[in-house]
Amino acid sequence: MTSSANEAAARASAVSEMGRTIPTDAEVPHSEGVRWGMVVDLDRCTGCQACVVACQAENNIALNEEQRVLERRAKTWIRIERYWEGEFPNAKARFIPVLCQHCGNAPCETVCPVWATYHNREGLNVQVYNRCIGTRFCANGCPYSVRYFNFWNPEWPEPMNNQLNPDVTVRTKGIIEKCTFCVQRINRVQVTAKTEGREVGLDEVQPACAQSCPTSALVFADLNNPESYPAKLAEAEADRNFTLLEHFGTDPGVVYLKKVDPHAVLEEDDHGVPAEAHA
Amino acid sequence: MQEPVVADTKTSNRELLDFVFAWPAWFFAVGGALNGLLVAAFVVVILMLMFGLQFLGYSHPVYWGFLIVNFVFWIGVSHAGIMVSAILRLTQAEWRRPVTRAAEVLTIFSLLTAVQFPLIHSGRPWRTMYWTFPYDWNRGAWPNPRSPLVWDPSAIFTYLTSTILFVYVALLPDLALARDRAPNPVSRAIYGVLAMGFRGTTRQWRIQTVAGLLLSAIILPIFVSVHSIVSWDFAVTSVPGWHNTIFAPYFVIGAVHSGVSAVVTVMIVMRYAFGLKRFITRDHIDSLARLLIVVATVWLFFFLLDFFFGLYGTEPAEVDTWQRRLVEPPWVIIAITFIICAYIIPVPMWMFRAIRRNFFWMFVTTILVNVGMWLERYMVVVPALERKSGLTFTYGDYAPSLSEFILVAASFALVILGFLTFSKLLPIMPAADIKEGQILADRIRVGRANVPAAMRE
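Chains A and B supply the protein sequences, listed in that same order.
Read in order, the letters of the first sequence correspond to residues 85 to 363 in the numbering used here.
Read in order, the letters of the second sequence correspond to residues 27 to 483 in the numbering used here.
Following this line, the structure appears as structure tokens:
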């Protein structure tokens, strides 16, 4: 730990002794402790949307009726974006799951006037619904557009209201919500481990999306633990890992692994050289 | 420019206070119409409070629209008062006298209107205190000092407070005048309390003058800071098209452009509505128009800088935003309209003395400027949020709803109503200041020479 990081930690603990528990992101060194993160292997993703459904069920997300989708007010904490690669007739449909990237240097956190969104000590970009006043500044700031606004109070017709997850808040109108990395599951595992007097297991925490993924395209764990599967995967596949919109410098906690395509349509540059050949 | 003698003290007093004590029929007609519009807006706001913001045109990912545009617009208009009043007072421009009060009052009411908009557009307006007031309340969380939305209220409320003080200090002698001329004991008592015992002694005049000058000087940095901070609402985010270092001066000069134009519009209306033909003359409009030529041109320069900075960066998302603003419909229509309204029509027209001195054409061109400046804010704020680059599923469009049109119309009603009410209750023309100008303008014969009766100390 560097001296400035020491000072930061000391300051953070002094602050928490005063009953203030809000660390700024400068006080959370990402090289220390837990950093929850995800590795998304695009080579495995089939675009089946199981993660979308699982997330919807786990997190009490309001029903996305057709009308909501048409007026672009549907809420999908994780969404499968389809995009086309190449020109017809060689066009290929590609899929990329986009969820909150839990950026280490998040553009949404700095603009929130009431600390409704901040970075916690475990690398999560946390959304505190009770604090949120709905300025929607964070949703404007987010380059991934993964923050969704509640235009009305959500309603579930009978008997769907019976399947609401008791661990998750139902969000009221006028506030922003987004992917939490299933923070309720993380907490449950941590509390269980603590009561049983042991460490949290390597891949014990599973958000709903990762759990439901039939091809294991989404894997979740502590990225700072070199023994965890995602960390190993990200390292083993270092030649094809990337983060989304890297040029924004947001330091995302979600790492993508590029599609492996033996029949890729190689784009040619001005000199007729396939773009891949430069890499 | 030296003020010519237009009326003796008695006539000035009568004509300048005339509207305060008279009740013309049109006052009730206009006031009623404006109130009707306000009631409509009130209904919309109540619906928004009860059922959420579903009545507005927002959708994913365009979460700011007309209301924020309108906020920026009215903050802009509010810059007129201080620009005209404080700067002209400090530079002792004599022609400022009839202009100042109207400009300052316009500042107050446009500021009061502007602050409504960020509040009603937030999802839970009843929690406004949590971000406008720097205190941790019961939450253990102070407002986030890194957020421009926390800088905004402090800048705006400082500006509002100092502007009200500024107006009040200048108003004191006129309140005393109204007290002395009030037709009934009740209004005499009210003006008496407001005048705080101003009797026109030398000491009181000295204090009043010094306070006015000091406030003029103190208010100028606030004036620059307010719109800079409003521009940082956009500039400090990483949104391509907003993320621009030129925004602060660009917004400030744009604000002065629309604000001074609004002052000209208001003065022309006042000249006819309040019967002030003797006091608001072609010379005043002419001077303001000459000021506007400079301001408009500087504003155009900053607009082009904004554009060039966007292009020179060659950041693809930024270039995309500019392409959408200037080339793709419907934005291209708005872009062309705004640049024509805000610069191409008015400024060449103002080059001609005959037009600068023509009330009708000045009225038309200054209205055009404000139409253009409103559209300019719209073009700055919304296209950048549509995110039509990068991730395909976030492509969004914005279509304002009827509610938003009502709210925008009501904001104009609110400003006009505020202005009208002020001029009904208090002297909108600075009678004391004008009379001072008259005295300074009086010339006496000393031997063969014809010299000003009084010199400025």
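Heads up, the beta-carbon is just placed ideally off N, CA and C, and yes, glycines get one too.
Nearest-angstrom Cβ-Cβ length linking residue i and residue j, presumed shorter than 8 Å
{"i": "Cys263 (chain A)", "j": "Trp199 (chain A)", "result": "Not confirmed; about 19 Å, so no contact."}
{"i": "Phe364 (chain B)", "j": "Leu401 (chain B)", "result": "4 Å"}
{"i": "Ala425 (chain B)", "j": "Gly83 (chain B)", "result": "5 Å"}
{"i": "Arg128 (chain A)", "j": "Ala301 (chain A)", "result": "4 Å"}
{"i": "Ala243 (chain B)", "j": "Ser257 (chain B)", "result": "That pair is no contact at about 24 Å."}
{"i": "Thr194 (chain A)", "j": "Arg172 (chain B)", "result": "5 Å"}
{"i": "Val303 (chain A)", "j": "Glu288 (chain A)", "result": "Not confirmed; about 13 Å, so no contact."}
Contacts that residue i makes with chain A (C-beta to C-beta distance below 7 Å)
{"i": "Pro87 (chain B)", "result": "Ala223 and Ser229"}
{"i": "Arg172 (chain B)", "result": "Thr194"}
{"i": "Trp376 (chain B)", "result": "Result: empty, since nearest Cβ-Cβ is about 37 Å, beyond 7 Å."}
Partner residues on chain B for residue i, Cβ-Cβ distance less than 9 Å
{"i": "Lys257 (chain A)", "result": "Phe77, Gly78, Leu79, Gln80, Gly149 and Arg150"}
{"i": "Asn237 (chain A)", "result": "Phe77 and Gly78"}
{"i": "Phe332 (chain A)", "result": "Ser264"}
{"i": "Arg215 (chain A)", "result": "Arg153, Tyr156, Arg165 and Ala167"}
Where residue i sits in the DSSP three-state scheme
{"i": "Arg178 (chain A)", "result": "strand"}
{"i": "Asp200 (chain B)", "result": "helix"}
{"i": "Arg166 (chain A)", "result": "strand"}
{"i": "Trp120 (chain A)", "result": "strand"}
{"i": "Thr108 (chain A)", "result": "Residue confidence for Thr108 (chain A) is low, a pLDDT of 48 falling below 50, so the modelled location carries little weight and cannot support an answer."}
{"i": "Thr339 (chain A)", "result": "Here residue 339 (chain A) turns out to be Val, not Thr, going by the sequence shown. If DSSP states are grouped into helix, strand and coil, Val339 (chain A) belongs with the strands."}
{"i": "Gln118 (chain B)", "result": "coil"}
{"i": "Tyr202 (chain A)", "result": "strand"}
{"i": "Ala158 (chain A)", "result": "coil"}
{"i": "Ile272 (chain B)", "result": "coil"}
{"i": "Ala23 (chain B)", "result": "The first residue shown for chain B is 27 and the last is 483, placing residue 23 (chain B) beyond what the model contains."}
{"i": "Gln290 (chain A)", "result": "coil"}
{"i": "Gln34 (chain A)", "result": "As shown, chain A starts at 85 and ends at 363. That puts residue 34 (chain A) outside it, with no answer to give."}
{"i": "Ala305 (chain A)", "result": "strand"}
{"i": "Gln247 (chain A)", "result": "helix"}
{"i": "Phe172 (chain A)", "result": "coil"}
{"i": "Glu261 (chain A)", "result": "strand"}
{"i": "Phe159 (chain B)", "result": "coil"}
{"i": "Val284 (chain A)", "result": "coil"}
{"i": "Tyr194 (chain B)", "result": "helix"}
{"i": "Val88 (chain B)", "result": "strand"}
{"i": "Tyr232 (chain A)", "result": "strand"}
{"i": "Asp423 (chain B)", "result": "coil"}
{"i": "Pro113 (chain A)", "result": "In this predicted model, Pro113 (chain A) has a pLDDT of only 47, less than 50, meaning its place in the structure is not dependable enough to derive any value."}
Any non-hydrogen atom of the ligand GDP closer than 6 Å to residue i Cβ
{"i": "Val70 (chain B)", "result": "This structure lacks the ligand GDP, and indeed carries no ligand of any kind."}
Under 7 Å between C-beta atoms of residue i and residue j
{"i": "Val124 (chain A)", "j": "Leu317 (chain A)", "result": "no"}
{"i": "Ala410 (chain B)", "j": "Thr323 (chain B)", "result": "no"}
{"i": "Val344 (chain A)", "j": "Glu206 (chain A)", "result": "no"}
{"i": "Val71 (chain B)", "j": "Ile182 (chain B)", "result": "no"}
{"i": "Phe325 (chain B)", "j": "Ile393 (chain B)", "result": "The sequence shown places Trp at residue 325 (chain B), rather than the Phe named in the question. Cβ atoms of Trp325 (chain B) and Ile393 (chain B): not closer than 7 Å."}
{"i": "Ala209 (chain A)", "j": "Ala223 (chain A)", "result": "Looking at the sequence shown, residue 209 (chain A) is not Ala but Asn. No. Outside cutoff."}
{"i": "Tyr217 (chain B)", "j": "Leu197 (chain B)", "result": "no"}
{"i": "Asn234 (chain A)", "j": "Ile217 (chain A)", "result": "no"}
{"i": "Leu203 (chain B)", "j": "Ala112 (chain B)", "result": "no"}
{"i": "Tyr404 (chain B)", "j": "Val95 (chain B)", "result": "yes"}
{"i": "Asn170 (chain B)", "j": "Pro227 (chain A)", "result": "no"}
{"i": "Glu430 (chain B)", "j": "Phe92 (chain B)", "result": "yes"}
{"i": "Arg351 (chain B)", "j": "Ala343 (chain B)", "result": "no"}
{"i": "Glu261 (chain A)", "j": "Arg255 (chain A)", "result": "yes"}
{"i": "Arg382 (chain B)", "j": "Asp312 (chain B)", "result": "yes"}
Neighbouring residues, chain A, relative to residue i (Cβ below 9 Å)
{"i": "Trp348 (chain B)", "result": "Result: empty, since nearest Cβ-Cβ is about 18 Å, beyond 9 Å."}
Where residue i meets chain B, residues with beta-carbon distance less than 7 Å
{"i": "Leu329 (chain A)", "result": "Gly416"}
{"i": "Glu155 (chain A)", "result": "Ser85"}
{"i": "Thr219 (chain A)", "result": "Ser148 and Leu175"}
{"i": "Tyr340 (chain A)", "result": "In chain order: nothing, as chain B lies at least about 12 Å away."}
{"i": "Tyr232 (chain A)", "result": "His86"}
Contact set between residue i and chain A, taken where Cβ atoms lie within less than 8 Å
{"i": "Leu186 (chain B)", "result": "Residues of chain A passing the Cβ test: none, with the nearest at roughly 19 Å."}
{"i": "Glu176 (chain B)", "result": "Contrary to the premise, residue 176 (chain B) reads as Val rather than Glu in this sequence. Those within 8 Å of Val176 (chain B) in chain A are Pro197."}
Within chain B, the residues that residue i reaches when beta carbons sit closer than 8 Å
{"i": "Glu165 (chain A)", "result": "Leu417, Thr418 and Phe419"}
{"i": "Gly131 (chain A)", "result": "Going along chain B, no residue has its Cβ under 8 Å from Gly131 (chain A), so there is no contact; the nearest lies around 12 Å."}
{"i": "Phe265 (chain A)", "result": "Neighbours of Phe265 (chain A) on chain B: none; closest Cβ ~20 Å, over 8 Å."}
**Prompt:** Of the residues that make up the region 176-205 of chain A, which ones have a beta carbon closer than 7 Å to any beta carbon in chain B?
**Reply:** Only Val182, Pro191, Thr194, Val195, Cys196, Pro197, Val198 and Trp199 from the region 176-205 of chain A bring a Cβ to less than 7 Å from some Cβ of chain B.
**Residues of the region 405-433 of chain B whose Cβ lies closer than 7 Å to any Cβ of chain A, in chain order** = Leu411, Arg413, Gly416, Leu417, Thr418, Phe419, Thr420 and Gly422
**Asked** Mind listing which residues of the region 248-282 of chain B have their C-beta closer than 7 Å to chain A's C-betas, in chain order?
**Response** Per Cβ criterion, the list reads Thr263, Ser264 and Val265.
**Request:** Could you please tell me which residues of the region 351-371 of chain B, in chain order, have their CB closer than 8 Å to any CB of chain A?
**Result:** For the region 351-371 of chain B, no residue has a beta-carbon sitting nearer than 8 Å to a beta-carbon of chain A.
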